[in-house]
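S.K.:
In this note's numbering, the protein residues as written are 4 to 339.
#1: Could you check how far apart the C-beta atoms of residue 305 and residue 247 are, in whole angstroms? I think they sit under 8 angstroms.
#2: In chain order, what residues of the same chain lie with their CB nearer than 8 angstroms to the CB of residue 143, ignoring the 5 residues before and after it?
#3: Take residue 88 and list the residues in its own chain whose beta-carbon comes closer than 6 angstroms to its own, dropping the five residues that flank it on each side.
#4: Whole angstroms are fine: how far does the CA of residue 314 sit from the CA of residue 229?
#5: Evaluate the contact criterion for the segment 317-327 versus the segment 258-274: three or more CB pairs, one atom per stretch, below 8 angstroms.
#6: Check for me: the beta strand (DSSP E) holding residue 238 runs from which residue to which?
#7: DSSP beta-bridge partners for residue 326?
#8: Please classify residue 9: is it buried, with 16 or more other beta-carbons within 10 angstroms of its beta-carbon, or exposed?
#9: Inspect the CB distances between the segment 257-267 and the segment 207-214 and report whether three or more fall short of 8 angstroms.
#10: Using only CA atoms, which one of 225, 224 and 234 lies nearest to residue 202?
#11: Among 281, 330 and 232, whose alpha-carbon lies nearest the alpha-carbon of residue 258?
#12: Can at least three beta-carbon pairs, one atom from the segment 128-137 and one from the segment 41-53, be found at a separation below 8 angstroms?
#13: With residue 278 as the anchor, note down where its beta strand (DSSP E) starts and where it stops.
#14: Determine the DSSP secondary structure at residue 211, reduced to helix, strand or coil.
#15: Are there 16 or more other CB atoms within 10 angstroms of the CB of residue 276, so buried, or fewer, so exposed?
#16: Closest to residue 199 by CA distance: which of 316, 220 and 330 is it?
#17: What are the boundary residues of the alpha helix (DSSP H) that residue 126 is part of?
#18: Quick one: residues in its chain with C-beta nearer than 6 angstroms to the C-beta of residue 114, no 5 flanking neighbours on either side, listed in chain order?
#19: Please classify residue 207: is it buried, with 16 or more other beta-carbons within 10 angstroms of its beta-carbon, or exposed?
#20: Could you check where the alpha helix (DSSP H) with residue 297 kicks off and where it finishes?
#21: Assign residue 319 to buried or exposed, taking buried as 16 or more other Cβ atoms, counted over all protein chains shown, within 10 Å of its Cβ.
#22: Roughly how many angstroms separate the alpha carbons of residue 240 and residue 273, rounded to a whole number?
#23: Under a three-way DSSP split, which group does residue 248 fall into?
#24: By DSSP's criteria, residue 142 is part of a beta bridge. Which residues make up the other side?
#25: How should residue 308 be labelled, buried or exposed, when 16 other C-beta atoms within 10 angstroms of its C-beta is the threshold for buried?
#26: With DSSP collapsed to three states, give me the class of residue 318.
#27: Please report how far the alpha carbon of residue 278 lies from the alpha carbon of residue 99, in whole angstroms.
#28: Sort 90, 338 and 84 by Cα distance to residue 220 and report the nearest one.
#29: Where residue 256 and residue 84 are concerned, what is the direct C-alpha to C-alpha distance, given to the nearest angstrom?
#30: Which stretch, first to last residue, makes up the alpha helix (DSSP H) that contains residue 232?
#31: Taking just the CA atoms, how far does residue 103 sit from residue 389?
#32: When the Cα atoms are used, what is the spatial distance from residue 243 to residue 294?
#33: Is the beta carbon of residue 92 sitting closer than 8 angstroms to the one on residue 146?
#34: Taking all protein chains shown into account, do 16 or more other C-beta atoms lie within 10 angstroms of the C-beta of residue 312, making it buried, or fewer, making it exposed?
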């Protein structure tokens, strides 16, 4: 191991206050510029990057620094109790997550765990997905407070070319085994008899007669894969929306990477270029945030609407025809 790759000596536990000498020669105890999560090791090169960022930002509240691992990649991130107790709210509240170089924001519910640590979950999952974080990446949380509102700017350093092997284990490591909340699509690989039709969990509740009404009106082209979803609140929300596709549908019919998909509506000239996010570690694949929000808004989609996503075969770019239905007088009606 070269000196550049060797871990920083300040990589274990919570960083202690720094002792300095003032102009009168008296000892002063000052706040540290950053706090490392227990078990988070920085290489010399990474420490230099952190020090440069500290010098640039000059944070009022120390950075909280942690390395992405399987738990934080799977949908929940725990902030150690020593840091949480000193710098974060002591009761549950909504906070804002943002990226230093993007205008997007993500709202999350900061939860206080019984041992005093804090946890990010659903909004954090969206942040990880949109910003394509990877295991071993180093995240620096720049915390600010204004009239009771808490904002976290999340800076990230790529970890793949710095860290060697696995993250070191520690008996005192700050972790909390929380499984990411499963949306109704993530466990909905039940297929139609033709084996190219897939349903969300709530779409299972459609009766045979209702399915017949829908497919009679949708006029699906033979051979095109289809995904049927009954829209829920989290699909049409203007913040942290996420409509996921079944894993089997995605594996069989979509590229294993994030890319744009062209969405069309029957009898409409408009086209919508919507970002499809793919994250193998989090096992999430679907539409989210701005481009999907615009499609929802432009088409007046609401909770309870049924969307039939028809993946068009034989075209150069990924394209879906979206047939939208709503229930009217007990029957499903195709919307223009």
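Every residue, glycine too, gets a C-beta built ideally from N, C-alpha and C.
M.R.: In short, the structure shows the following:
#1: The beta-carbon separation of residue 305 and residue 247, rounded to 19 angstroms, does not stay under the 8 angstroms limit for a contact.
#2: So the list reads 37, 53, 56, 66, 67, 68, 157, 158, 159 and 160, once near-sequence residues are dropped.
#3: The residues are 119.
#4: So the two alpha carbons sit approximately 6 angstroms from each other.
#5: With a cut-off of 8 angstroms, the segment 258-274 and the segment 317-327 count as touching, because enough Cβ pairs lie within range.
#6: Where residue 238 is concerned, there is no enclosing beta strand (DSSP E), although the alpha helix (DSSP H) around it starts and stops at 236-239.
#7: In DSSP, residue 326 forms a bridge with 311.
#8: Unreliable placement is indicated for residue 9, whose pLDDT of 37 sits below 50; the coordinate value is still reported in the next sentence. Within a 10 Å sphere around the beta-carbon of residue 9 sit fewer than 16 other beta-carbons, which makes this residue exposed.
#9: Taking 8 angstroms as the limit for Cβ pairs, the verdict is that the segment 207-214 does not touch the segment 257-267.
#10: Nearest C-alpha to residue 202: 234.
#11: It is 281 whose Cα lies nearest to the Cα of residue 258.
#12: Result no; under three Cβ-Cβ pairs closer than 8 angstroms.
#13: Per DSSP, residue 278 belongs to the beta strand (DSSP E) from 274-282.
#14: In the structure shown, residue 211 sits in a helix (DSSP, three-state: H, G or I).
#15: Exposed: under 16 other Cβ atoms inside 10 Å.
#16: It is 316 whose Cα lies nearest to the Cα of residue 199.
#17: Where residue 126 is concerned, the enclosing alpha helix (DSSP H) stretches over 125-133.
#18: Same-chain partners within the cutoff: 95 and 122.
#19: The residue is exposed, with fewer than 16 neighbouring Cβ atoms inside 10 Å.
#20: Membership of residue 297 in the alpha helix (DSSP H) is indicated by the continuous run 292-301.
#21: That one is exposed.
#22: Rounded to whole angstroms, residue 240 to residue 273 spans 22 angstroms at the Cα level.
#23: In this structure, residue 248 counts as coil in the three-state DSSP scheme.
#24: Residue 142 pairs with 69 and 159.
#25: It counts as buried.
#26: Correct three-state label for residue 318: coil.
#27: The straight-line gap from Cα to Cα measures roughly 22 angstroms.
#28: The shortest C-alpha to C-alpha distance from residue 220 to any of 90, 338 and 84 is the one to 338.
#29: Their Cα atoms are separated by approximately 44 angstroms.
#30: Unbroken run through residue 232 is the beta strand (DSSP E), 229-233; no alpha helix (DSSP H).
#31: The structure shown does not extend to residue 389, since the chain is modelled only from 4 through 339, so no value can be given for it.
#32: Whole-angstrom Cα-Cα distance: 12 angstroms.
#33: The Cβ atoms of residue 92 and residue 146 do not sit closer than 8 angstroms to each other.
#34: With 16 or more other Cβ atoms inside 10 Å of its own Cβ, residue 312 counts as buried.
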